[in-house]
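Q:
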Amino acid sequence: MNDRREHKAARDDERDWITGLATGKAARLRLEDAVLPGAMLLIGLAGFRNVNVSHGRDGGDRALADVGERIRRFLRVIEGRPPFAARTGGAEFLIALDAAASAPLVARQLVAELHRPVEIEGSAIHLSPRIGIAEKHDAEDGAAYMRRARMALEEAMRADTRTIVQSEAGRLDEALMDETLGRHMRHALDRGEIAILFQPQFALHDGRMTGAEALARWQHPEFGTLGGEALFAAAARSDFVLALSRHIQERAIDLAASWGGALQDLRLSINVTAQDLASPDMADRLLGYLADHGFRKDCLTVEITESALIDDLEAAGQQFGRLRAEGLRIALDDFGTGYSSLAYLSALPLDYLKLDKRMTGELQGSERDRIVVRAIIAMAKALGLEVIAEGIESEGQRDLIADEGCDYWQGFLRAGALEPDAFREFALAANR
Numbered sequence: 005m006n007d008r009r010e011h012k013a014a015r016d017d018e019r020d021w022i023t024g025l026a027t028g029k030a031a032r033l034r035l036e037d038a039v040l041p042g043a044m045l046l047i048g049l050a051g052f053r054n055v056n057v058s059h060g061r062d063g064g065d066r067a068l069a070d071v072g073e074r075i076r077r078f079l080r081v082i083e084g085r086p087p088f089a090a091r092t093g094g095a096e097f098l099i100a101l102d103a104a105a106s107a108p109l110v111a112r113q114l115v116a117e118l119h120r121p122v123e124i125e126g127s128a129i130h131l132s133p134r135i136g137i138a139e140k141h142d143a144e145d146g147a148a149y150m151r152r153a154r155m156a157l158e159e160a161m162r163a164d165t166r167t168i169v170q171s172e173a174g175r176l177d178e179a180l181m182d183e184t185l186g187r188h189m190r191h192a193l194d195r196g197e198i199a200i201l202f203q204p205q206f207a208l209h210d211g212r213m214t215g216a217e218a219l220a221r222w223q224h225p226e227f228g229t230l231g232g233e234a235l236f237a238a239a240a241r242s243d244f245v246l247a248l249s250r251h252i253q254e255r256a257i258d259l260a261a262s263w264g265g266a267l268q269d270l271r272l273s274i275n276v277t278a279q280d281l282a283s284p285d286m287a288d289r290l291l292g293y294l295a296d297h298g299f300r301k302d303c304l305t306v307e308i309t310e311s312a313l314i315d316d317l318e319a320a321g322q323q324f325g326r327l328r329a330e331g332l333r334i335a336l337d338d339f340g341t342g343y344s345s346l347a348y349l350s351a352l353p354l355d356y357l358k359l360d361k362r363m364t365g366e367l368q369g370s371e372r373d374r375i376v377v378r379a380i381i382a383m384a385k386a387l388g389l390e391v392i393a394e395g396i397e398s399e400g401q402r403d404l405i406a407d408e409g410c411d412y413w414q415g416f417l418r419a420g421a422l423e424p425d426a427f428r429e430f431a432l433a434a435n436r
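Take the sequence shown: its position 187, counted from the start at 1, is 191 in my numbering, and no numbers get skipped.
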């Protein structure tokens with residue numbers, strides 16, 4: 005009995021019972037490690053006391069539980085090792101990241117995630133997240149590291165217009181980081197160090213695996229794992245976006261061309277950037293990759309993110325039209341996260357609309373989100389588009405999007421991003 009009580013007490017010391025995140029004590033122990041995280045985000049909720057005043061302690065706890073769940077769900081989709089997250093006290097949270105370079109982007113995305121209202125007793129409560137960022141410096145210990153993060157958060161809490169503040173030491177190092185990443189990315193591209201991964205996609209009507217989206221990851225020796233938006237943010241700071249994008253596209257097509265046999269009908273989805281679309285030879289280049297590597301045109305889907313800023317929609321539409329005439333499919337990715345959705349829907353020749361994971365993540369707990377997703381799917385169907393849902397992590401989410409008429413899905417419920425050999429094994433087993 006005493007052993008069980010001691011074990012429970014140890015668990016209580018490690019896990020916050022309201023949010024399910026690690027406790028402040030666990031965070032302090034983490035900062036005593038010899039290897040400190042590359043960056044720390046300290047998150048505060050401005051004006052949270054008003055929630056306790058208006059809705060009582062129980063209402064405040066429900067809001068904190070919601071915030072904890074959003075943080076956990078958000079961190080699950082970050083590339084690489086899952087980041088450490090803790091509730092350090094009150095309405096304050098800590099996230100430890102391996103990759104310092106990704107911290108500003110993660111902070112911006114997290115602010116957007118936490119800005120969405122929390123529902124308490126039928127009322128929509130709007131939170132005001134503030135984030136302080138500190139980056140690791142070899143000459144300091146964990147306590148000094150935490151003090152810099154707290155000073156940055158306190159500055160953000162005082163500011164009227166700034167929701168994210170980076171510690172002064174971190175700001176001084178940004179130029180050096182940009183220069184280092186730029187120099188290293190050139191070598192990484194030359195040496196083929198940018199790894200290509202594939203995330204499987206599935207049909208909702210029969211569970212069959214239908215294809216995969218190509219993703220990229222760079223394991224940087226100093227700044228940790230950079231993938232997805234963090235990888236392209238690093239490329240943007242060093243003017244390598246176009247080179248990186250083209251490398252990923254051609255390498256993914258090359259790898260997919262080797263699938264063959266039982267996998268020859270799987271679709272490959274690759275992403276293009278606004279910089280790709282600004283290049284007048286984009287369509288010719290992609291068609292050249294397909295010819296060079298012997299991959300079927302009718303098995304390639306080209307995705308453009310909805311948050312990309314396309315300067316010339318007419319020219320982009322012409323390039324996509326040329327690709328569609330050759331048998332390729334076109335998808336609008338991350339739908340619902342940017343500002344150009346309707347303009348893109350009307351101007352671009354599309355085949356698919358992809359629901360962003362930030363839209364599908366709340367389906368089981370928010371009737372409002374279900375209504376929005378239902379309306380988007382209905383609109384897509386009226387336009388003759390098929391719908392792909394991203395970020396599906398539970399059977400409940402999958403069942404809900406199926407009920408609303410979604411066609412395909414991808415997410416950790418079945419598989420995350422897999423290395424090429426692991427993907428091939430998974431695909432062969434999935435459709436056996």
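All residues carry an ideal CB built from backbone N, CA and C; glycine is no exception. Keep in mind that this is a model prediction, so the values were computed, not measured.
Per DSSP, residue 334 forms a beta bridge with which residues?
A: Along the sequence shown, one-based indexing puts residue 334 at 330. Bridge partners of residue 334: 306.
Q: For residue 110, does the three-state DSSP call read helix, strand or coil?
A: Numbered from its first residue, the sequence shown carries residue 110 at position 106. Residue 110: helix per DSSP, three-state reduction.
Q: For the region 237-246 and the region 269-276, state whether three or more C-beta atom pairs, one from each stretch, are separated by less than 8 Å.
A: Cβ pair count under 8 Å is below three, so no.
Q: Should residue 136 and residue 154 be called a contact, given that it needs their Cβ atoms to be closer than 8 Å?
A: Locating residue 136 in the sequence shown gives position 132, counting from the first residue. Locating residue 154 in the sequence shown gives position 150, counting from the first residue. Yes, they are a contact pair.
Q: Whose CA, out of 64, 19 and 265, lies closest to the CA of residue 432?
A: Stepping through the sequence shown from its first residue, residue 432 is reached at position 428. Measuring from the Cα of residue 432, the nearest candidate turns out to be 265.
Q: Starting from residue 358, trace the alpha helix (DSSP H) in both directions and tell me its first and last residue.
A: Reading the sequence shown from its first residue, position 354 is the one you call residue 358. Here residue 358 belongs to no alpha helix (DSSP H); instead the beta strand (DSSP E) covers 356-359.
Q: Which word fits residue 31, buried or exposed, when buried means at least 16 other C-beta atoms lie within 10 angstroms of its C-beta?
A: Translated into the one-based positions of the sequence shown, residue 31 becomes position 27. It is buried - the Cβ of residue 31 has at least 16 other Cβ atoms within 10 Å.
Q: At the level of alpha carbons, what is the spacing between residue 276 and residue 157?
A: The residue given as residue 276 occupies position 272 in the sequence shown. The residue given as residue 157 occupies position 153 in the sequence shown. For residue 276 and residue 157, the distance between alpha carbons rounds to 36 Å.
Q: Going by other Cβ atoms of all chains shown within 10 Å of its Cβ, with 16 needed for buried, is residue 215 buried or exposed?
A: Taking the first residue of the sequence shown as 1, we reach residue 215 at position 211. With 16 or more Cβ atoms within 10 Å of its Cβ, residue 215 is classed as buried.
Q: What three-state label does DSSP hand residue 86 in the structure shown?
A: Here residue 86 corresponds to residue number 82 of the sequence shown, with the count starting at 1. DSSP places residue 86 in coil when its eight states are reduced to three.
Q: Residue 205 by DSSP, collapsed to three states: which one?
A: Within the sequence shown, residue 205 is the residue found at index 201, counting from 1. If DSSP states are grouped into helix, strand and coil, residue 205 belongs with the strands.
Q: With 16 as the cutoff for other CB atoms within 10 Å, does residue 67 come out buried or exposed?
A: Position 63 of the sequence shown, counting from 1, holds the residue named residue 67. So residue 67 ends up on the buried side.
Q: State the Cα-Cα distance for the pair residue 206 and residue 53, rounded to the nearest angstrom.
A: Stepping through the sequence shown from its first residue, residue 206 is reached at position 202. Stepping through the sequence shown from its first residue, residue 53 is reached at position 49. About 44 Å.
Q: Less than 8 Å between the C-beta atoms of residue 325 and residue 353, yes or no?
A: Taking the sequence shown and counting its residues from 1, the one referred to as residue 325 is at position 321. Taking the sequence shown and counting its residues from 1, the one referred to as residue 353 is at position 349. Cβ atoms of residue 325 and residue 353: closer than 8 Å.
Q: Please name the residue or residues paired with residue 98 in a DSSP beta bridge.
A: In the sequence shown, counting from the first residue as 1, residue 98 sits at position 94. 46 and 90.
Q: Using only CA atoms, which one of 146, 254, 148 and 170 lies nearest to residue 110?
A: Counted from its first residue, the sequence shown places residue 110 at position 106. Nearest C-alpha to residue 110: 170.
Q: Taking the C-alpha atoms as reference points, what is the distance between residue 419 and residue 203?
A: The residue you call residue 419 lines up with position 415 of the sequence shown. The residue you call residue 203 lines up with position 199 of the sequence shown. So the two alpha carbons sit approximately 7 Å from each other.
Q: For residue 25 and residue 218, what's the separation of their Cα atoms in angstroms?
A: Within the sequence shown, numbered from 1, the residue matching residue 25 stands at position 21. Within the sequence shown, numbered from 1, the residue matching residue 218 stands at position 214. About 31 Å.
Q: Could you give the DSSP three-state label for residue 192: helix, strand or coil?
A: Counting from one through the sequence shown, the residue named residue 192 turns up at place 188. The answer is helix: DSSP assigns residue 192 an H, G or I state.
Q: Once DSSP output is grouped into helix, strand and coil, what is the label at residue 272?
A: As a working mapping, residue 272 is identified with position 268 in the sequence shown. Here residue 272 sits in strand by DSSP.
Q: When you compare only the Cα positions, how much space is there between residue 315 and residue 159?
A: Reading the sequence shown from its first residue, position 311 is the one you call residue 315. Reading the sequence shown from its first residue, position 155 is the one you call residue 159. Their Cα atoms are separated by approximately 36 Å.
Q: Name the DSSP beta bridge partners of residue 133, please?
A: The residue given as residue 133 occupies position 129 in the sequence shown. Answer by DSSP bridge pairing, in chain order: 49.
Q: For residue 146, does the count of other Cβ atoms within 10 angstroms reach 16, so buried, or fall short, so exposed?
A: Translated into positions along the sequence shown, residue 146 becomes position 142. Residue 146 comes out buried.
Q: Applying the criterion that 16 or more other CB atoms from any shown protein chain within 10 Å of the CB defines a buried residue, is residue 4 buried or exposed?
A: With the chain covering only 5 through 436, there is no way to say anything about residue 4.
Q: Along the beta strand (DSSP E) that carries residue 405, what are the first and last residues, could you check?
A: Residue numbering aside, residue 405 sits at position 401 when the sequence shown is read from its first letter. Segment 399-407 is the alpha helix (DSSP H) holding residue 405; no beta strand (DSSP E) there.
Q: Nearest CA to the CA of residue 293: which residue from 93, 261, 81 and 346?
A: Within the sequence shown, numbered from 1, the residue matching residue 293 stands at position 289. Residue 293 has its Cα closest to that of 261, out of 93, 261, 81 and 346.
Q: Kindly indicate if chain D contains any beta-carbon less than 8 Å away from that of residue 352.
A: Absent here is chain D; the protein component of the structure consists of one chain.
Q: Take residue 103 as the anchor and find which of 41, 251, 253 and 336 has the nearest alpha-carbon.
A: Counted from its first residue, the sequence shown places residue 103 at position 99. Ranking the options by Cα distance to residue 103, first place goes to 41.
Q: If we ignore side chains and look at the alpha-carbon of each, how far apart do residue 399 and residue 364 end up?
A: Stepping through the sequence shown from its first residue, residue 399 is reached at position 395. Stepping through the sequence shown from its first residue, residue 364 is reached at position 360. Each residue's Cα considered, the two are about 12 Å apart.
Q: Can you tell me which of 48, 248 and 191 puts its alpha carbon nearest to the alpha carbon of residue 95?
A: Here residue 95 is taken as the residue at index 91 of the sequence shown, counted from 1. Among 48, 248 and 191, the Cα nearest to that of residue 95 belongs to 48.
Q: Measuring straight from C-alpha to C-alpha, what distance separates residue 87 and residue 124?
A: Here residue 87 refers to the residue found at position 83 when the sequence shown is read from its first residue. Here residue 124 refers to the residue found at position 120 when the sequence shown is read from its first residue. One C-alpha to the other measures close to 28 Å.
Q: At the level of alpha carbons, what is the spacing between residue 319 and residue 140?
A: Here residue 319 refers to the residue found at position 315 when the sequence shown is read from its first residue. Here residue 140 refers to the residue found at position 136 when the sequence shown is read from its first residue. For residue 319 and residue 140, the distance between alpha carbons rounds to 44 Å.
Q: Here's the rule I'm using: 16 or more other beta-carbon atoms within 10 Å means buried, otherwise exposed. How should residue 35 be labelled?
A: If you number the sequence shown from 1, residue 35 lands on position 31. That one is buried.
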